[in-house]
Structures are given as C-alpha cells and as structure tokens.
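Novice: Take this structure first; my questions come after.
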Amino acid sequence: MASSIAWGRRTTSEQVCAYFSSSIRGRNIIVTGPTITGVGYATANAIAEQGPAVLVLAGRSLSKLEEAQRNILGNTRDAKIRLLQVDLSDMTSVRKAAAEVNGWNMPIDVLINNAAVMDTPYTLTSEGHELQFATNYLGHWLFTNTLLPRILQGRNKRIVNVSSSGHVSSDIRYDDPNFKKAYGQSKTACCLMATSLARKHGSEGLGAFSLDPGGISTPLQQHWSLEEKQEIGRKYGAYKDDGTVDTSSDIWKTPSQGGAGTCRAAFDPDIITQNGAYLVDAQVANDKRKEYAGNEDNAEKLWKFTNELLGEEF
Numbered sequence: 001m002a003s004s005i006a007w008g009r010r011t012t013s014e015q016v017c018a019y020f021s022s023s024i025r026g027r028n029i030i031v032t033g034p035t036i037t038g039v040g041y042a043t044a045n046a047i048a049e050q051g052p053a054v055l056v057l058a059g060r061s062l063s064k065l066e067e068a069q070r071n072i073l074g075n076t077r078d079a080k081i082r083l084l085q086v087d088l089s090d091m092t093s094v095r096k097a098a099a100e101v102n103g104w105n106m107p108i109d110v111l112i113n114n115a116a117v118m119d120t121p122y123t124l125t126s127e128g129h130e131l132q133f134a135t136n137y138l139g140h141w142l143f144t145n146t147l148l149p150r151i152l153q154g155r156n157k158r159i160v161n162v163s164s165s166g167h168v169s170s171d172i173r174y175d176d177p178n179f180k181k182a183y184g185q186s187k188t189a190c191c192l193m194a195t196s197l198a199r200k201h202g203s204e205g206l207g208a209f210s211l212d213p214g215g216i217s218t219p220l221q222q223h224w225s226l227e228e229k230q231e232i233g234r235k236y237g238a239y240k241d242d243g244t245v246d247t248s249s250d251i252w253k254t255p256s257q258g259g260a261g262t263c264r265a266a267f268d269p270d271i272i273t274q275n276g277a278y279l280v281d282a283q284v285a286n287d288k289r290k291e292y293a294g295n296e297d298n299a300e301k302l303w304k305f306t307n308e309l310l311g312e313e314f
C-alpha cells in the first residue's frame, strides 16, 4: 500500500491506524506503558479501534492497566484486551512477564516498547542499574529478545522503540552507565537497539524502528523544576512563567499526535524498505538522529555490553 496520507506534526494515531487497518485486524499486539495520560494509551486506543485479535497492555501498575482497559472498552466495546503486569526496571519481573507471554503460545505480530520514565531523582534499582537506563532500555531489551522467537512467528514482525529528541544529549557512557544525567543515553540506547535488531534479523523479515514522538505534556515532566520549565518556556514557549503549560504553544502535540509515528512504524507495510529508521512527525528522519545513535558499530558495542551486563547471550 502506498503511504499517501498527509504525514506531519498533526497526524493522529487514529488516522494512521485507520489507514493501515488491514495490518492491525486480527493481529496480536503488545504495548508497554499505556497509562491513560500518555502516548502509550493513545496508541493502544487507536489500535483497539481496528480490531486486533489481542491487544496486550503491559505495565507496572495493575490498577493503571485496568483503568486503561476500562477506557478502551468504553470506546471499543468488543476490543480483546489482556493485561500483563511487568516492572521494566526489574529484570526478574521482566523475565517472569516474558515467560508468561511465551506461555500463551501465540505469535506476537507487533511489540511497541513505549514505557518510560524521565529525569527521575538519581536512583539505583535493587539490581544496581540506574532507574531510567533500566526502565527505558534494559527492561525493553530483555523483554524484546526473550519474546523474539514469538515475534518472528508473527505476520507483521515489527518492533517499535519510542525514543526521544532527548537522545541528542548523550551517547552511551560505557564506563559509567549509572551516571546521573541518564535519560539521554537511555533514549540513545533505544535507537541503537532498533539499529541492531534490523541488522541482525532483517533477513528474517523483522522490521525495527525508533522514533521521537515530539513534545507532549504528560506526567513524564513531573520531575522538572520550576526553573527548568521557565527556561524551556523562554526557549520554546512551552511553559508560562509560573511553570504551567502554555496550551497555546505550537510546540505541544496531543498524545494521539505523539503516537502517530509509533503507529506508522508498526503498521505501514512499505516502511520496511527503510528498516532501522528513525521517525519524527510520523516521517522517516534519519538526519535528525545523532550519528552515534544510528551507528552500527556503536549498536553492536551496546548489544555486547548489554549481554554482559545482564548475563545473557542474545
């Protein structure tokens, strides 16, 4: 199918999913981090409208998963939804959740790695990993690779990593992956993971992509100080002087607009010709991805580093 709809900042998840409905109907799809205030929920809600066989909502808080499920069912009454509790910062939890999914004995057509935390106070997990690096990258890397045989059985064979323009702030610091300014490197890692997956498994039909959803006002920004919001407001007009969101600013997208790139990467059959690409505003934009975030040598270095860090052999 030719991608002929108008792609841009204001394209919505609903528009993309409706356009590629034949790539959604009857598929088994997992979305991590579907909290109702964020991009993950908007993405999942738009997917549910197009009749997937099973839509799996995966996240740490069971009550938030149940809330997302209720809201989606309120919009699409016949949606088939399963809930999967997983703490992506905890590798034991990730292994348990992946084993549960593998036990369902079904192919996974699309895995959307959306869950994230941002600019949290410096915290090490019980396993000794910095919280943002663990949640945003390590957990998704382990979850994805443990499920990979199921994904390769699927029809779409798509893995989508929601990265961020924040990746421009940091390459991977291999000598100190727990450094305090960790959000940027965690999002660089999401890009490099997609690069590696496309290179390693593209010949098997796997498509792997990363993307920047754009500026969306969500609870992700809850750890920003008033001074940080004022500085961002002066630069981009995103916040007022009192730290409240300036809703008139063109910088902001709705969560649905933020999910449009995710939906295109997941369901556009033609985009596979640009496997491993980085999307911005639902369009391939590799020129907006830092060189270190798409470099194949760096991707392989990170892959080996992660295997060693987690004691795996993927």
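Just so you know, the sequence shown maps onto residues 1 to 314 in UniProt numbering.
Glycine residues also receive a C-beta, built at the ideal position from the N, C-alpha and C atoms.
Everything numeric in this text was worked out from a predicted model, so none of it was measured.
#1: Using the rule of at least 16 other Cβ atoms within 10 Å of the residue's Cβ for burial, across every protein chain shown, is Gln153 buried or exposed?
#2: So, is Lys253 buried or exposed, given that buried needs 16 or more other C-beta atoms within 10 angstroms?
#3: What three-state label does DSSP hand Asn113 in the structure shown?
#4: Tell me Val54's beta-bridge partners as DSSP assigns them.
#5: What is the rounded straight-line gap between the Cα of Val160 and the Cα of His129?
#6: Put Tyr122 into one of helix, strand or coil per three-state DSSP.
#7: Helix, strand or coil, according to DSSP, for Val39 in the structure here?
#8: Let me check understanding here. Comparing Cα to Cα, which of Asn105, Tyr292 and Ile272 lies closest to Gln283?
#9: Mind checking which residues open and close the alpha helix (DSSP H) that includes Val162?
#10: What is the rounded straight-line gap between the Cα of Asn145 and the Cα of Leu310?
#11: Under 8 Å: do the stretch 30–46 and the stretch 112–120 share three or more Cβ pairs, one atom per stretch?
#12: When burial is assigned at 16 or more other CB atoms within 10 Å of the CB, is Leu74 buried or exposed?
#13: Assuming Gly207 and Arg158 are in contact, meaning their beta carbons sit under 8 Å apart, how far apart are those beta carbons, in whole angstroms?
Specialist: On the basis of the data shown:
#1: exposed
#2: The residue is buried, with at least 16 neighbouring Cβ atoms inside 10 Å.
#3: strand
#4: Asn28
#5: 23 Å
#6: coil
#7: Per DSSP, reduced to three states, the secondary structure at Val39 is helical.
#8: Ranking the options by Cα distance to Gln283, first place goes to Ile272.
#9: Run containing Val162: none in the alpha helix (DSSP H); it sits in the beta strand (DSSP E), Arg158 to Val162.
#10: 12 Å
#11: yes
#12: Per the sequence presented here, residue 74 reads as Gly, with Leu not at that position. Gly74 should be labelled exposed.
#13: With a beta-carbon spacing of about 5 Å, Gly207 and Arg158 fall inside the 8 Å limit used to define contacts.
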